[in-house]
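Below: the structure, in structure tokens.
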Amino acid sequence: MIRSRSFGRLPGGCEVRAHTLSIQGIELEVLSYGGIVSRLLVPDRNGQMQDVTLGFGSMESYLAGHPYFGCLTGRVAGRITAGTFELASRRYSLALNNGPNHLHGGQSGFDKKVWEIDEDSCGASPALRLRCASPDGDEGYPGNLQVQAVYRLLPPSVWEIEYEARTDRATLVNLTQHAYFNLAGEGRGTIENHHLQIDANFMVPTDGDLTLLGKSEAVQGRPDDLRSSRRLGDILPDLLHQHGNLYGLGASTELRRVARLTEPSAGRCLEVWSDEPALQFYSGSFLDGGLTGKSGRPYPRHAGLCLECQRYPMPDGPTGFGSPLLYPGEIYRQKTQYRFSCF
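The opening residue of the sequence shown carries number 427 in this note's numbering; numbering runs sequentially from there.
Shown next as structure tokens:
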């Protein structure tokens, strides 16, 4: 089932609509602004449906500024060192919107665009097709880029995302979804009692500004080693800025499990399946209690976490992390599934 409603208007009068997909066991609300997932309801072990993503209940709150709650990020998710890259013997300069780095597409990335949304309510798997055009020179990136993201619900409780992009000039593309999860329920404390496993042997270290250092290191012997499920409250104090890292998953043409998150009090489990070669884990470390969510409760540090399937954000990344390069005649594709269950 799909239903829609007005969510508000942007300065200038453009209407933002909220589209809700639902099947038994999962409900997803998506805004035309930023492709934002504003609500995601799944059951706990007792069958109680609760929202498990951070976000706001009004357009005004999103427009006031937020740390990419639930949005589609691009053209390039992640940090581009010094906001520069070289392509076809030409150097491109981008906005520095995160200290010395360019982050998540710049000052006005895909998270701030109004996406065209088509509804597909046929069958047991309702879907939304989100489309966006990014012109040549947008935020400094070359090429006219056509982007599509399909949000789909699959039985029993699966949220699937399929991405496609095409360009008429060589460019960089690295798309991801920036949902903040709290499996205890939105606004219900921190993720410190969640247990996380990431099926990766390597990660990319950063400096104090979270600038990627362009090399991979083995996770073995590090606090970043999440190959076995670990309670997050036990490891966060040992991570740089308590932030999280970019993990290398290796190339794959098929979906495979890349991460597993559990929360014991509600009994919810989230498995992340993807064909992408990298996963950014972010712990919500820059939340500070200054934002109040849709539940009316403030979001403290670590109120939610992100598991962002993607590629290395620059062309010269380490082996096994993928590349954001896209050329005319090629099609950028990726698929990610968030599979919910109970234990």
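By construction, the Cβ of each residue, glycine as well, lies at the ideal position given by its N, Cα and C atoms.
Please state if the CB of residue j and the CB of residue i are separated by a distance shorter than 8 Å.
{"i": "proline 741", "j": "valine 502", "result": "no"}
{"i": "leucine 609", "j": "leucine 522", "result": "no"}
{"i": "glycine 496", "j": "valine 463", "result": "yes"}
{"i": "serine 547", "j": "isoleucine 428", "result": "yes"}
{"i": "histidine 604", "j": "cysteine 732", "result": "yes"}
{"i": "proline 703", "j": "aspartate 594", "result": "no"}
{"i": "glutamine 706", "j": "leucine 672", "result": "yes"}
{"i": "threonine 602", "j": "cysteine 440", "result": "no"}
{"i": "serine 642", "j": "phenylalanine 511", "result": "no"}
{"i": "valine 540", "j": "tyrosine 459", "result": "yes"}
{"i": "aspartate 537", "j": "threonine 499", "result": "yes"}
{"i": "glutamate 455", "j": "alanine 444", "result": "yes"}
{"i": "valine 599", "j": "leucine 571", "result": "yes"}
{"i": "lysine 761", "j": "glycine 481", "result": "no"}
{"i": "glycine 434", "j": "serine 484", "result": "yes"}
{"i": "leucine 687", "j": "histidine 728", "result": "no"}
{"i": "aspartate 470", "j": "glutamate 612", "result": "no"}
{"i": "proline 552", "j": "leucine 447", "result": "yes"}
{"i": "serine 583", "j": "phenylalanine 766", "result": "yes"}
{"i": "methionine 629", "j": "glycine 674", "result": "yes"}
Please list the terminal residues of the continuous alpha helix (DSSP H) segment that includes residue i.
{"i": "serine 487", "result": "485–489"}
Ends of the beta strand (DSSP E) at residue i?
{"i": "isoleucine 661", "result": "Premise fails: isoleucine 661 lies in the alpha helix (DSSP H), 658–661, not in any beta strand (DSSP E)."}
{"i": "leucine 529", "result": "527–529"}
{"i": "serine 711", "result": "Looking at the DSSP string, serine 711 is not in any beta strand (DSSP E), and its letter there is neither H nor E."}
{"i": "glycine 434", "result": "428–435"}
{"i": "glutamate 588", "result": "584–593"}
{"i": "arginine 727", "result": "Taken as a continuous stretch (DSSP letters only), arginine 727 belongs to no beta strand (DSSP E), as it is neither H nor E."}
{"i": "proline 469", "result": "463–469"}
{"i": "histidine 445", "result": "441–449"}
{"i": "tyrosine 459", "result": "No beta strand (DSSP E) contains tyrosine 459, which DSSP labels as neither H nor E."}
{"i": "cysteine 695", "result": "694–700"}
{"i": "phenylalanine 747", "result": "Taken as a continuous stretch (DSSP letters only), phenylalanine 747 belongs to no beta strand (DSSP E), as it is neither H nor E."}
{"i": "serine 560", "result": "553–560"}
{"i": "glutamine 533", "result": "First-last for glutamine 533: undefined, no H or E at that position."}
{"i": "alanine 521", "result": "Per DSSP, alanine 521 belongs to no beta strand (DSSP E) and is neither H nor E."}
{"i": "leucine 579", "result": "571–580"}
For residue i, which of helix, strand or coil comes out of DSSP?
{"i": "lysine 538", "result": "helix"}
{"i": "glutamate 565", "result": "helix"}
{"i": "leucine 717", "result": "coil"}
{"i": "aspartate 477", "result": "strand"}
{"i": "histidine 492", "result": "coil"}
{"i": "histidine 667", "result": "helix"}
{"i": "glycine 674", "result": "strand"}
{"i": "histidine 620", "result": "coil"}
{"i": "methionine 740", "result": "coil"}
{"i": "leucine 498", "result": "strand"}
{"i": "tyrosine 606", "result": "coil"}
{"i": "threonine 637", "result": "coil"}
{"i": "histidine 757", "result": "Just to set this straight, residue 757 is isoleucine in the shown sequence, not histidine. If DSSP states are grouped into helix, strand and coil, isoleucine 757 belongs with coil."}
{"i": "glutamate 734", "result": "strand"}
{"i": "glutamate 643", "result": "strand"}
{"i": "arginine 682", "result": "strand"}
{"i": "aspartate 650", "result": "coil"}
{"i": "cysteine 768", "result": "strand"}
{"i": "alanine 508", "result": "coil"}
{"i": "asparagine 472", "result": "coil"}
{"i": "phenylalanine 628", "result": "strand"}
Since residue i and residue j are thought to touch, with beta carbons under 8 Å apart, how far apart are those beta carbons, to the nearest angstrom?
{"i": "threonine 632", "j": "leucine 666", "result": "7 Å"}
{"i": "tyrosine 606", "j": "glycine 730", "result": "3 Å"}
{"i": "proline 581", "j": "isoleucine 757", "result": "Contact flag wrong, Cβ pair sits at about 28 Å."}
{"i": "glutamate 486", "j": "glycine 535", "result": "That belief does not hold up - the Cβ atoms of glutamate 486 and glycine 535 are roughly 20 Å apart, past 8 Å."}
{"i": "histidine 530", "j": "tyrosine 494", "result": "6 Å"}
{"i": "arginine 737", "j": "serine 749", "result": "6 Å"}
{"i": "threonine 597", "j": "glycine 563", "result": "In fact, because the Cβ distance is near 11 Å, the residues do not count as touching under 8 Å."}
**the region 632–641 touching the region 583–592, judged by at least three CB pairs closer than 8 Å** = no
**Message:** So, does the region 684–695 touch the region 609–620, judging by three or more C-beta pairs under 8 Å?
**Reply:** yes
**the region 678–685 / the region 697–708 touching (three or more Cβ pairs under 8 Å)** = yes
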